[in-house]
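Using the numbering used here, you'd call the opening residue of the sequence shown number 124 and step up by one each time.
We put the CB at the ideal spot given by N, CA and C, even for glycine.
These notes concern the structure reproduced below.
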Amino acid sequence: MAKALFHKSQRVFVKPVGTWALVEKVIPHWVKDVEEPLRVTYCVGLGRDFTGAELVSEDVMHGRDKMKTDHENAADDWRIQRVKNRWQEGDDTSGHPYPGTFPVVMTDENDWGGWRVPGSEYDRDPHKIEHQARLIVNSPKMLKVCRAIAELAAQSPDSVPQELKPAVSHCKLILRHVYDIADAPRQAAE
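See the structure below:
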């Protein structure tokens with residue numbers, strides 16, 4: 124059974140369209156001999172009815188903005204830590220960029236969590252893994268740059284040079300993929 128998540132005249136963000144709208148009608152879908160509606164859709168004046176999963180309330184969006192800022196501030200401390208390879212000595216791994224060690228990306232201030240690869244995968248292509256570690260460590264900074272570019276373009280869309288418009292649209296897709304988990308697979312395919 125479904126309950127209404129939004130009410131008439133409530134301001135919501137419509138995820139598939141990427142815009143704000145007001146709920147014009149709450150439309151329950153009833154089934155005979157059932158006390159509650161089977162599902163509830165919402166008319167927001169955009170040409171079709173939307174489900175509750177496709178809408179986000181204004182309060183939740185403001186909470187997400189705060190959450191983004193908190194995560195981004197915490198991501199400033201990401202760093203690569205070298206860990207000793209317990210299965211191979213430095214002599215056995217002379218072809219590696221840093222013989223006898225492998226990279227671990229620490230994403231927690233207490234050095235508890237992070238990213239690492241199995242030793243066998245590191246042995247297969249150590250230069251690729253070293254590149255991935257550097258990429259992961261710098262991704263929060265690159266995400267901030269993406270966000271700054273997208274915000275600047277949104278503030279004055281007419282002043283964005285034609286050559287930069289593809290980069291701006293890529294930045295918007297990246298931000299949507301990172302922050303909107305429900306749309307991630309669809310956006311990754313684009």
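Work out the CA separation of residue j and residue i for me, nearest whole Å.
{"i": "valine 135", "j": "lysine 207", "result": "51 angstroms"}
{"i": "tryptophan 238", "j": "threonine 164", "result": "41 angstroms"}
{"i": "histidine 219", "j": "aspartate 246", "result": "8 angstroms"}
{"i": "valine 140", "j": "histidine 300", "result": "15 angstroms"}
{"i": "lysine 138", "j": "leucine 178", "result": "6 angstroms"}
{"i": "glycine 242", "j": "proline 263", "result": "26 angstroms"}
{"i": "leucine 275", "j": "aspartate 248", "result": "39 angstroms"}
{"i": "glutamine 285", "j": "histidine 293", "result": "14 angstroms"}
{"i": "threonine 174", "j": "histidine 250", "result": "47 angstroms"}
{"i": "aspartate 172", "j": "glycine 236", "result": "43 angstroms"}
Which first and last residues belong to the beta strand (DSSP E) in which residue i is found?
{"i": "serine 180", "result": "178-180"}
{"i": "aspartate 281", "result": "Element bounds for aspartate 281: n/a, residue is neither H nor E."}
{"i": "arginine 247", "result": "First-last for arginine 247: 242-247, but that is the alpha helix (DSSP H), not the beta strand (DSSP E)."}
{"i": "glutamine 204", "result": "202-207"}
{"i": "proline 222", "result": "Taken as a continuous stretch (DSSP letters only), proline 222 belongs to no beta strand (DSSP E), as it is neither H nor E."}
{"i": "arginine 134", "result": "134-137"}
{"i": "histidine 152", "result": "148-152"}
{"i": "valine 163", "result": "162-166"}
{"i": "phenylalanine 129", "result": "No beta strand (DSSP E) contains phenylalanine 129, which DSSP labels as neither H nor E."}
Given a cut-off of 7 angstroms, decide if residue j and residue i are closer than it, judged by their beta-carbon atoms.
{"i": "valine 240", "j": "isoleucine 252", "result": "yes"}
{"i": "proline 232", "j": "aspartate 200", "result": "Before going on, a small fix: residue 232 reads as glutamate here, not proline. Going by C-beta atoms, glutamate 232 is nearer than 7 angstroms to aspartate 200."}
{"i": "valine 146", "j": "valine 167", "result": "yes"}
{"i": "arginine 270", "j": "methionine 229", "result": "no"}
{"i": "alanine 273", "j": "lysine 288", "result": "no"}
{"i": "proline 222", "j": "alanine 256", "result": "no"}
Use the C-beta contact count for residue i: other C-beta atoms within 10 angstroms, 16 or more gives buried, fewer gives exposed.
{"i": "alanine 277", "result": "exposed"}
{"i": "valine 154", "result": "exposed"}
{"i": "valine 157", "result": "exposed"}
{"i": "leucine 161", "result": "exposed"}
{"i": "leucine 169", "result": "exposed"}
Taking the alpha helix (DSSP H) that residue i belongs to, which residues open and close that run?
{"i": "histidine 300", "result": "288-302"}
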